[in-house]
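A.B. asks: Pasting a structure here, questions to come.
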Amino acid sequence: DAKTTQPPSMDCAEGRAANLPCNHSTISGNEYVYWYRQIHSQGPQYIIHGLKNNETNEMASLIITEDRKSSTLILPHATLRDTAVYYCIVRVNTGNQFYFGTGTSLTVIP
Amino acid sequence: NAGVTQTPKFQVLKTGQSMTLQCAQDMNHNSMYWYRQDPGMGLRLIYYSASEGTTDKGEVPNGYNVSRLNKREFSLRLESAAPSQTSVYFCASIKERDTEAFFGQGTRLTVV
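Protein chains in written order, with this note's numbering: chain F, 256 to 365; chain P, 21 to 132.
Here you go:
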């Protein structure tokens, strides 16, 4: 299963875009990139996922590089409620496992 | 539509005691998962069940057993609890391989 690497922490000013990077250099062709976030100690919440193309939904945008070795989650206008730990996950092809790394702790500053 | 429901929400055990954590989902999902999360750490996969009647080990299966009772329910059993199993346990379910997973709100377990 492909591993992911994320910075341990980031800050972002309220109202600005938050750009969270993720490296997944060993990703295989049919593995998806998923992003989840965990607020306080609640259960993780799905944000977005993609395979090759960039994706956008009401919460965020996902930019995947052409070689698929890295991606960026963009929260266009960060609010205080976006303060959370963000996990980048690559979904393995065999079976149905998916593994969390240590994530990026995002703090949105007023 | 309750989503993924875990019981209990909190539990304190003595070393050596046994207990079963319950998880149920009402979304007709095929796959279910158990994770543990230690303080300041990410989630680690304990066991998963790709479909009713099947279970497989994840990253940290030692000290745990699971049962996929039916499509709705996936239980996690600690036969002889140890302080190292103090953690927050999350259950999750997913319908298909490329769709989002839904998580329960967690069971906070302390073993003393």
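Cβ atoms here follow ideal geometry from the backbone N, Cα and C, with glycine treated the same way. Bear in mind the structure is a predicted one, so any value in this text is a computation, not a measurement.
From the DSSP output, in three-state form, read off P:GLN105 for me.
C.D. replies: Along the second sequence, read from residue 1 onward, the residue named residue 105 of chain P stands at position 85. Helix at P:GLN105.
A.B. asks: Just list the beta strand (DSSP E) runs in the segment 48-72 of chain P, keeping only unbroken ones of 3 residues or longer that don't cross its boundaries, in chain order.
C.D. replies: Runs of the beta strand (DSSP E) inside the segment 48-72 of chain P: 51-57, 63-69.
A.B. asks: Is F:SER264 close to chain P? Criterion is C-beta to C-beta, closer than 8 Å.
C.D. replies: As a first step, residue 264 of chain F is located in the first sequence; it is residue number 9 there, counting from the start. Chain P contact via Cβ: absent.
A.B. asks: So what does DSSP say about P:ARG97, is it helix, strand or coil?
C.D. replies: In the second sequence, counting from the first residue as 1, residue 97 of chain P sits at position 77. Here P:ARG97 sits in strand by DSSP.
A.B. asks: Under the rule that 16 or more other beta-carbon atoms within 10 Å means buried, what is F:ALA333, buried or exposed?
C.D. replies: Counted from its first residue, the first sequence places residue 333 of chain F at position 78. So F:ALA333 ends up on the buried side.
A.B. asks: What is the DSSP secondary structure of F:ARG336, reduced to helix, strand or coil?
C.D. replies: As a first step, residue 336 of chain F must be located in the first sequence, where it is residue number 81. Helix at F:ARG336.
A.B. asks: Thinking F:LEU330 and F:ALA268 are a contact (beta carbons under 8 Å), I'd like their distance in whole angstroms, please.
C.D. replies: Here residue 330 of chain F is taken as the residue at index 75 of the first sequence, counted from 1. Here residue 268 of chain F is taken as the residue at index 13 of the first sequence, counted from 1. So it is not a contact: roughly 12 Å between Cβ atoms.
A.B. asks: Please list, in chain order, all residues of the same chain as P:SER51 whose beta carbon is under 6 Å from its beta carbon, the five residues on each side excluded.
C.D. replies: Locating residue 51 of chain P in the second sequence gives position 31, counting from the first residue. Cβ neighbours of P:SER51 beyond the five flanking positions: ALA70, ILE114.
A.B. asks: Enumerate in chain order the residues of its own chain whose CB-to-CB distance from P:VAL108 is below 6 Å, with the five nearest sequence positions on each side excluded.
C.D. replies: Taking the second sequence and counting its residues from 1, the one referred to as residue 108 of chain P is at position 88. Excluding residues within five positions, the ones whose Cβ falls inside 6 Å are GLN57, GLY126, ARG128.
A.B. asks: Which value, in whole angstroms, describes the spacing of the CA atoms of F:PRO365 and F:THR338?
C.D. replies: Here residue 365 of chain F corresponds to residue number 110 of the first sequence, with the count starting at 1. Here residue 338 of chain F corresponds to residue number 83 of the first sequence, with the count starting at 1. Roughly 11 Å separates the two Cα atoms.
A.B. asks: For P:MET39, does the three-state DSSP call read helix, strand or coil?
C.D. replies: For the purposes of this step, residue 39 of chain P is taken as the residue at position 19 of the second sequence. DSSP places P:MET39 in strand when its eight states are reduced to three.
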